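For reference, the structure discussed in these notes is given below.
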Amino acid sequence: MVFLENFYSFLLLAHLFATFVLVGSMTHNLFRVVDYLRGRFNREKLELLYVKVSLWAYIIVYAIGALIYPAFRVRIRPEFDRDIPWATGLFEVKEHWGAVGLALFFVYYFLRKSFQPNSEKEKLFLYVPVCFLLNIILWYKVIVSCYLTLLKGSW
Amino acid sequence: MKKSDASYILGSVFVALMGLFYCCTMWLPIPLPRYYPLQHCWKWVNQKGVPSQGWYGMQGFAFLTAGVVTLVVYFLLKRAGAAEKTVKPAIIRLLGVVVTLIIVICMAYMLYYEFDRWSILSN
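Residue numbers (the numbering used here), protein chains in the order written: chain Y, 292 to 446; chain V, 47 to 169.
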């Protein structure tokens with residue numbers, strides 16, 4: 292018996308629902324951050340709220356993902372490795388980028404909490420690229436995960 | 047130094063180092079613990095033919111080392127009396143560009159590493 296194997300389907304669903312929240316809040320956050328580039332700073336509070344929601348959603352998604360990883364590694368991945376190794380390659384990139392994403396999210400949150408975009412515009416030189424990178428990481432994770440689940444999501 | 051400047055510098059240092067140290071686990075043969083899900087145990091060796099997970103060890107190493115170095119930078123800034131100094135906006139902008147480049151390069155390397163390892167590029 293592998294760790295949490297019996298709860299795999301339930302946890303995978305919870306992982307999916309938390310991902311909905313994460314992608315929704317972070318994509319909305321991206322639109323607000325693009326507004327900063329256009330010189331519009333009238334919705335800063337809403338943007339900060341999206342950051343807070345995104346951080347907590349990411350932590351939940353990440354924790355559940357780490358918990359179900361052993362069952363995935365034993366029950367599903369061997370078939371990927373044997374039949375479609377390129378799929379394992381896509382998955383491994385997702386995991387590496389996910390770890391970088393966690394670090395980026397913590398920095399993104401603490402950075403946003405400490406500065407006012409309207410009065411400290413020089414800090415947008417890190418804040419805006421990090422927002423774009425986080426969205427790239429999230430959308431890559433979502434697309435690859437959906438695709439791999441289509442190929443083989445359970446046993 | 048303003049609190050927001052300190053957060054900016056320390057955050058930049060942490061995230062850039064985290065990316066670099068994570069890549070170090072791919073570049074260098076650093077011994078890291080691996081989880082063996084069928085045996086429910088952790089081992090320092092990579093046993094061939096037995097499913098194991100090195101990802102926990104890789105990220106643990108990257109987060110810990112980046113965290114420790116960032117802490118050292120924090121104490122160095124404090125000791126240098128950075129609280130009374132101001133950071134020029136140009137320095138803040140330059141740091142943002144450099145850190146972004148480092149993260150992008152690290153992410154690109156991770157992509158290349160796995161695509162090469164699983165022969166995605168050659169197919």
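Built from N, CA and C at the ideal position, the CB exists for glycine as well.
All values derive from a computational prediction rather than experimental measurement.
Partner residues on chain Y for residue i, Cβ-Cβ distance less than 9 Å
i: PHE30 of chain V; result: Within the shown structure, residues of chain V are numbered from 47 to 169, placing residue 30 of chain V beyond reach of any answer.
i: ALA108 of chain V; result: ALA390, VAL391, ALA394
i: SER168 of chain V; result: Those do not exist, as SER168 of chain V stays about 10 Å from chain Y at its closest Cβ, beyond 9 Å.
Same chain, Cβ closer than 6 Å to residue i, five either side skipped, listed in chain order
i: ASN297 of chain Y; result: none
i: PHE371 of chain Y; result: ALA378, THR379
i: ILE351 of chain Y; result: ALA309
i: SER58 of chain V; result: LEU141, VAL145
Listed by chain order, chain Y residues near residue i by CB distance under 7 Å
i: GLU130 of chain V; result: Result: empty, since nearest Cβ-Cβ is about 19 Å, beyond 7 Å.
i: VAL145 of chain V; result: LEU417
Segment limits, beta strand (DSSP E) that includes residue i
i: ARG80 of chain V; result: 80-82
Neighbour-count burial assignment, residue i, 16 or more Cβ in a 10 Å radius
i: TRP101 of chain V; result: buried
i: MET292 of chain Y; result: exposed
i: PRO369 of chain Y; result: exposed
i: ARG331 of chain Y; result: exposed
i: ALA126 of chain V; result: exposed
i: ILE138 of chain V; result: buried
i: GLY392 of chain Y; result: buried
Cβ separation of residue i and residue j, assumed to be a contact under 8 Å, to the nearest whole Å
i: PHE322 of chain Y; j: HIS86 of chain V; result: Wrong, their Cβ atoms sit about 45 Å apart, outside the cutoff.
i: VAL435 of chain Y; j: LYS404 of chain Y; result: Not quite, the Cβ-Cβ distance comes to about 31 Å (not below 8 Å), so this is no contact.
i: CYS70 of chain V; j: MET156 of chain V; result: Actually they are not in contact, since the Cβ atoms of CYS70 of chain V and MET156 of chain V sit about 12 Å apart, beyond 8 Å.
i: THR111 of chain V; j: LEU56 of chain V; result: About 15 Å; that fails the 8 Å criterion.
Residues near residue i in its chain [Cβ-Cβ closer than 8 Å; skip 5 each side]
i: ILE149 of chain V; result: VAL61, ALA62, GLY65
i: VAL419 of chain Y; result: VAL324, TYR327, LEU328
i: GLY389 of chain Y; result: TYR353, GLY356, ILE428, LYS432
Residue range of the alpha helix (DSSP H) that includes residue i
i: LYS89 of chain V; result: First-last for LYS89 of chain V: 87-89, but that is the beta strand (DSSP E), not the alpha helix (DSSP H).
i: ARG323 of chain Y; result: 299-328
i: GLY113 of chain V; result: 101-125
i: GLU413 of chain Y; result: GLU413 of chain Y -> no alpha helix (DSSP H), and no H or E assigned at all.
Under 8 Å from the C-beta of residue i: neighbouring residues of chain Y
i: ARG139 of chain V; result: GLU413, PHE416
i: CYS152 of chain V; result: VAL391
Cβ neighbours of residue i in the same chain (closer than 7 Å, five flanking residues each side left out)
i: ASN426 of chain Y; result: MET317, THR318, LEU321
i: ALA47 of chain V; result: Checking the displayed sequence, the identity of residue 47 of chain V turns out to be Met instead of Ala. Taken in chain order, the residues that qualify are ALA128, ALA129, LYS131, THR132, VAL133.
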